[in-house]
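Residue numbers (the numbering used here): 51 to 335.
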């Protein structure tokens with residue numbers, strides 16, 4: 051049951067939140083996913099947490115995600131946003147008739163590379179530790195306006211620990227804590243999250259809660275796109291549904307919206323992903 055759940059949890063959401071929580075990949079086996087996510091917003095959580103109107107802005111991401119078990123306890127992780135699009139709508143002033151033209155830019159985003167160590171595996175409760183390195187492969191200061199970006203320009207290191215367990219009743223639970231060290235005068239972050247779900251083949255239903263708390267110890271200039279900001283904070287619930295064509299392949303959709311935040315867009319986010327599990331017996335002739 052636990053191996054199956056490790057694959058199911060991987061189908062959830064994108065980026066570092068897609069980590070398979072406390073479960074590690076078995077040796078010679080892996081998991082690969084392609085996904086798309088998007089958020090479009092005309093509201094923004096200001097630095098003081100208040101909600102303020104902004105020119106409609108959007109962020110879209112097409113990403114690849116993969117995990118591969120080098121051993122039963124050592125798993126390599128790659129998250130690669132192969133295309134990130136940042137848009138800013140045209141702004142028109144009714145009384146004067148003046149307008150500020152819209153803008154758009156797209157490129158590769160910031161990549162994450164990581165390694166997970168399974169500290170306790172093959173038990174009812176599993177525990178792992180993960181180091182993720184955020185590589186600044188995205189772009190900043192782009193578009194005609196010079197304010198669009200597909201990354202945050204800083205190299206960060208996220209150290210997190212995950213605990214997970216499943217029950218005989220097809221219910222699973224996971225929790226994690228993490229510290230994210232950011233460079234280039236960006237504030238460091240405390241991160242945490244919880245997952246609660248139910249799976250009975252071929253259907254999955256799950257709820258997630260992710261939190262980010264800034265240490266407010268950096269003075270990097272902020273941006274108003276609510277994705278790559280300094281001193282970003284949020285409490286973000288996500289709801290997910292999945293359908294599995296086979297034991298190795300499935301599709302999920304999600305929706306989320308922050309309960310509260312700071313320096314982040316205030317709007318629902320949506321996503322869809324298709325995933326495939328590589329198993330040793332699938333390679334046999």
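For each residue, glycine too, the CB sits at the ideal point set by N, CA and C.
For the pair residue 188 and residue 127, the CB atoms are not nearer than the 8 Å cut-off. Of the other Cβ atoms in all chains shown, fewer than 16 fall within 10 Å of the Cβ of residue 267; this residue is therefore exposed. Counting along the chain, residue 206 sits inside the beta strand (DSSP E) bounded by residues 206-216. The DSSP-derived three-state label of residue 166 is strand. Of all alpha-carbon atoms in 235, 241, 250 and 196, the one lying nearest the alpha-carbon of residue 216 is that of 250.
Between residue 105 and residue 90, the C-beta spacing is not below 8 Å. Restricted to the region 244-304, the beta strand (DSSP E) segments that are unbroken, complete and at least 3 residues in length are 253-264 and 283-294, listed in chain order.
In the three-state scheme derived from DSSP, where H, G and I count as helix and E and B as strand, residue 331 is classed as helix. Straight across, the Cα-Cα distance linking residue 241 with residue 329 is about 32 Å. The bridge partners DSSP lists for residue 110 are 88 and 135. Look at residue 322 here: in three-state DSSP terms it is strand. Taken through DSSP and simplified to helix, strand or coil, residue 197 comes out as coil. Using a Cβ distance threshold of 8 Å, residue 325 and residue 299 count as a contacting pair. Apart from sequence neighbours up to five positions away, the residues of its chain that approach residue 246 with a beta-carbon distance below 6 Å are 223 and 257, ordered along the chain.
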